[in-house]
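Counting with our numbering, you get residues -15 to 156 for the letters of the sequence shown. We treat Cβ as the ideally placed atom computed from N, Cα and C, and that holds for glycine. Model, not experiment: these values are computed from the prediction. Contents: one structure, followed by commentary.
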Amino acid sequence: IFIGFISGVFLFLSTFLILSTAKQIENETDYYNKIDFDFIIPKPWYSQISEIENMNFVSSIVPYYMTSRNVSVNGSSYKLDFYILEKNSDLTKTPYTPKLLINGKIPSNNEALIDKNTQNILNAQIGDEIQVSFGKELCKFIISGIVQPNNFASNPTVMVYYDGEVKKGIES
């Protein structure tokens, strides 16, 4: 009887793991079907960007700046990775493509996008404020939208535009 019980538990767990893995593969396939880029080159120099743009096999490039910062959200402190993009960047070529938008809208001035994992960690909602310092500038962003989990990041992430206080803080 004991061996039968153990066999039953093993069969149940094996089936559960296979179904969980199948669901994970389905979610990842859905994610990769919605993004429109092939790879990310972390921290390229601006001179490298123009070289890459001129390569025959490159159709477009979206440069971004990435940095980790301590932030305050709803009175609690967290460390987030910021993806900072030029204002007119083509978001369809980023992990923040509108195709991955779950809720809300694409950000405009002083707004931010977060992914679902970051939302869960921060216990944040659309309309909540993220406070962060860039240089001497205290920047405040309102969460405008939530996208599917960013599979390219291991830390909680937020996307903002390189303008206003962010630009002034980074350049100071």
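Taking the DSSP output, what are the residues bridged to Y49?
For Y49, which the question treats as bridged, DSSP gives the partners I68.
So, using beta-carbon positions, are S128 and I114 closer together than 8 Å?
The answer is no: Cβ separation not under 8 Å.
Given V182 as reference, the closest of F41, T51, S43, P82 once Cα atoms are compared
Only positions -15 to 156 of the chain appear in this structure, which leaves residue 182 out of reach.
Measuring only from the beta carbon, is L106 closer than 7 Å to any heavy atom that is part of the ligand GTP?
With respect to the ligand GTP, the structure offers nothing, as it holds no ligand at all.
Among all the DSSP beta bridges, which residues are the ones paired with D99?
Looking at the DSSP assignment, D99 forms a beta bridge with V131.
In whole angstroms, what separates the C-alpha of E95 from that of Y145?
Rounded to the nearest angstrom, the two C-alpha atoms are 8 Å apart.
Identity of the residue in N58, I130, G59, A108 nearest P91 by Cα
Closest in C-alpha terms to P91, from the list N58, I130, G59, A108, comes I130.
Secondary structure at Q115, three-state DSSP: helix, strand or coil?
Under the three-state reduction of DSSP output, Q115 falls in the strand class.
Simplified DSSP assignment, three categories, for G159:
A query on residue 159 cannot be resolved here, the shown segment of the chain reaching from -15 to 156 and no further.
Tell me which residues share the same chain as I157 and place their Cβ nearer than 6 Å to its Cβ, disregarding the 5 neighbours each side in the sequence.
Shown here, the chain extends from -15 to 156; a query on residue 157 therefore has no answer.
How far does the beta strand (DSSP E) with V144 in it extend, from its first residue to its last?
Unbroken beta strand (DSSP E) run through V144: 141 to 145.
Opposing strand residues paired with K89 [DSSP bridges]:
Paired residues: none, contrary to the question.
Can you grab the Cα-Cα spacing for the pair N38 / L85, in whole Å?
N38 and L85: Cα-Cα distance of roughly 31 Å.
Residue from N107, P133, Q132, E149 with nearest C-alpha to E121:
Closest by alpha carbon: E149.
So, D74 versus V46, is the Cβ gap smaller than 8 Å?
In contact: D74 and V46 (Cβ atoms closer than 8 Å).
Quickly, what does DSSP pair F125 with across the bridge? List them, please.
I114.
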